[in-house]
Structure formats: structure tokens, C-alpha cells
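Sequential numbering of the sequence shown, starting at 1291, is according to the numbering used here.
Heads up: the structure comes next, in C-alpha cells.
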Amino acid sequence: MADLETSQLVLIGLIFVWSGFVRTSLGFGGAVLSLPFLLLVRDEPLVFLPIIAIHLLIFSSWIAWRGHRQLVADNAGQAPSEGNIDWGYLLRAMKVMIIPKLIGVVGLLTLPGNVLTSIIFVIVMVYAVGYVLDKPFRSHNRWMDAVLLALGGYVSGTSLIGAPLIVAVFATHVAAHQLRDTLFVLWFILVLIKMVSFVIAGIDLQLIHQLWLLPCALVGHLLGERAHRHLLASRTNLYFRVLGGVLILVSVVGLVGSAG
């Protein structure tokens, strides 16, 4: 990113503030709701995916650990209660997702950049339409669960934007008070696999740019912590419809740009 102009760097910093905010406030979406904007600044997914991956590793482990500490504090002097993470369902889901995840990683490293960009924008547009229509993905069938988890694992392997598909399944099988931290542990595992593939393939991890982008994500994270409590109490449909409309616009612009 050394050849980018100052205005582009400022935009990237603001997008990573947004990424941190979304990740923490919603429990997912830091990649799917920021990558389309980043690709409009520079149409090279492999420039941004390592940065997003490192942010996910740091903040997912931080939030899950804080959840555990809070649970211990809340139950001080009482009989042990169930943890903040549903390890049983997490293990069952990983058995379904691991092979598609690895296949997706290979797809990321072999598909041409413009093809991968188009795939990302199409997937994001599908998610966005669901937000606008107030009909997000929901699963109530065992076979559909397996299909969504496998597809989510594959998309996560290619671009780190498989979270909406995965959340659709986890939300129906994991207790509400365990869902957020269970998802963050899952993100940590999936992203760790991605990071190993980056290192093996010799992908530039953009470590120098972490020095200024990580604080940007931290600002968003702190804002997201405050918003998370309010969103749990009242997650308005208007919020998701506006968000979906913006993502549709971004995806259309991105698809037109990549086609040109």
C-alpha cells in the first residue's frame, strides 16, 4: 500500500474503524461489511485480507477472554455454571466446515483477483438483499444446516465473508448468552487456518501497516462495545435495511468497476 495517496490511506483507516465497530457491536461482519469498501479503494483482496485476519485473531480472542472473565466474576462464590462458549456444538460444526474451509483457501490462492472480487460482491449483495427485506438467513433443518455450514466454511476460506451463513446456523443451536463468544472462538480457529496458508504461500501480511490500522480498528472496537449492549436490547430493522441498501449500492459499483 506504499503507493497509495494520502486520501486513500485516510479512507482505509476510516473503513477499519467501521470494521472494528461492526465486528464488536454485531458479533460478526467485520470482514463482510468492510471488504467491499476496501476493494473500492484498491481492488486487490490479498492486500487487505491479511490485515483483516490479524485483526480478527486479536479482537476475537480478546472478546472471548473478557466474556470468560466476566462470567467468572458474575459467578464468584457460586456453583459453577455453563461456560460462555458452547464447545460441543462448536466441535460438531467444525467437523462439517473444515474440509470446505481448506478447499476455499486453495481457491483464494488460485482464482484471478477480478474473479474473486466479483464473487465477493455478489455474495455481499445476496446478504444485503436479505437485510433490506428483513429476511436474513435462518436454518431449521439438519441437512440445510450442513449445507450452510459447508458453504460458509468455503466462503470463509476464499474471502473471510462467510460469517452470515455460519451465524444463521449457530443462532438456532447455541444459547443466546453463549452465541457471541462461541462465534468469536470459531472466527479465531478459521482465521488461524487462513493465516497459516498466507505464511506458507508467502503472502505479504502488511505488518508495517498494522502499526496504524490496528489502532483504527481499536477505536471502532471501543465504540462497538458501547453499541453492543443497545443492539442486544433493540436491534432495529431500520438499521439493517439502511445497511443493506448501502451494501447493495457498493456492490453494484464494485461489480461495474471490476467488469470494466
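Cβ atoms here follow ideal geometry from the backbone N, Cα and C, with glycine treated the same way.
N- and C-terminal bounds of the alpha helix (DSSP H) containing residue i
{"i": "P1426", "result": "From DSSP, P1426 is part of no alpha helix (DSSP H); its letter is neither H nor E."}
{"i": "I1375", "result": "Looking at the DSSP string, I1375 is not in any alpha helix (DSSP H), and its letter there is neither H nor E."}
{"i": "Q1298", "result": "1296-1316"}
{"i": "R1332", "result": "Note, R1332: premise wrong, no alpha helix (DSSP H); not H, not E."}
{"i": "D1471", "result": "1466-1491"}
Reduced DSSP secondary structure (H/G/I, E/B, other) of residue i
{"i": "N1431", "result": "coil"}
{"i": "I1451", "result": "coil"}
{"i": "V1412", "result": "helix"}
{"i": "A1321", "result": "coil"}
{"i": "L1533", "result": "helix"}
{"i": "V1546", "result": "helix"}
{"i": "Q1500", "result": "helix"}
{"i": "L1495", "result": "coil"}
{"i": "S1340", "result": "Here residue 1340 is Pro; the residue named in the question, Ser, does not match the sequence. P1340: helix per DSSP, three-state reduction."}
{"i": "M1291", "result": "coil"}
{"i": "S1541", "result": "helix"}
{"i": "P1402", "result": "coil"}
Beta-carbon proximity of residue i to residue j, cut-off 8 Å
{"i": "D1435", "j": "V1464", "result": "no"}
{"i": "F1582", "j": "C1506", "result": "Because the chain spans 1291 through 1550 in this model, residue 1582 falls outside it and cannot be assessed."}
{"i": "M1387", "j": "G1320", "result": "no"}
{"i": "L1406", "j": "G1544", "result": "no"}
{"i": "H1520", "j": "T1314", "result": "no"}
{"i": "I1341", "j": "Q1500", "result": "yes"}
{"i": "R1332", "j": "L1294", "result": "yes"}
{"i": "K1391", "j": "I1483", "result": "yes"}
{"i": "L1473", "j": "G1310", "result": "no"}
The ligand SAH heavy atom lying under 7 Å from the CB of residue i
{"i": "F1311", "result": "In the structure shown, the ligand SAH is absent, as is every other ligand, since no ligand is present at all."}
Residues near residue i in its chain [Cβ-Cβ closer than 8 Å; skip 5 each side]
{"i": "V1481", "result": "A1343, L1346, L1347, S1350, L1450"}
{"i": "P1326", "result": "I1410, F1411, V1414, L1537, V1540, S1541, G1544"}
Beta-carbon contacts of residue i that lie in its chain and below 7 Å, excluding the five residues immediately before and after
{"i": "G1535", "result": "V1422"}
{"i": "W1308", "result": "S1324, G1510"}
{"i": "L1439", "result": "A1383, V1386, M1387, I1456, V1459"}
{"i": "L1336", "result": "I1493"}
{"i": "Q1468", "result": "N1374, I1375, D1376"}
Contacting residues, own chain, Cβ-Cβ under 6 Å from residue i (five flanking each side not counted)
{"i": "L1323", "result": "V1312"}
{"i": "Q1496", "result": "P1340, I1341"}
{"i": "S1487", "result": "V1395"}
Taking 8 Å as the threshold, find out whether the stretch 1371-1384 comes into contact with the stretch 1448-1455 through three or more Cβ pairs.
Counting C-beta pairs with one atom in each stretch, the stretch 1371-1384 and the stretch 1448-1455 have fewer than three that are closer than 8 Å, which means they do not touch.
Three or more C-beta pairs below 8 Å linking the stretch 1469-1478 and the stretch 1412-1430
Under the Cβ criterion (8 Å, minimum of three pairs), the stretch 1469-1478 does not count as touching the stretch 1412-1430.
Would you check if there are 3 or more beta carbon pairs closer than 8 Å linking the stretch 1487-1506 to the stretch 1407-1419?
Judged by Cβ distances under 8 Å, the stretch 1487-1506 makes no contact with the stretch 1407-1419, as fewer than three pairs qualify.
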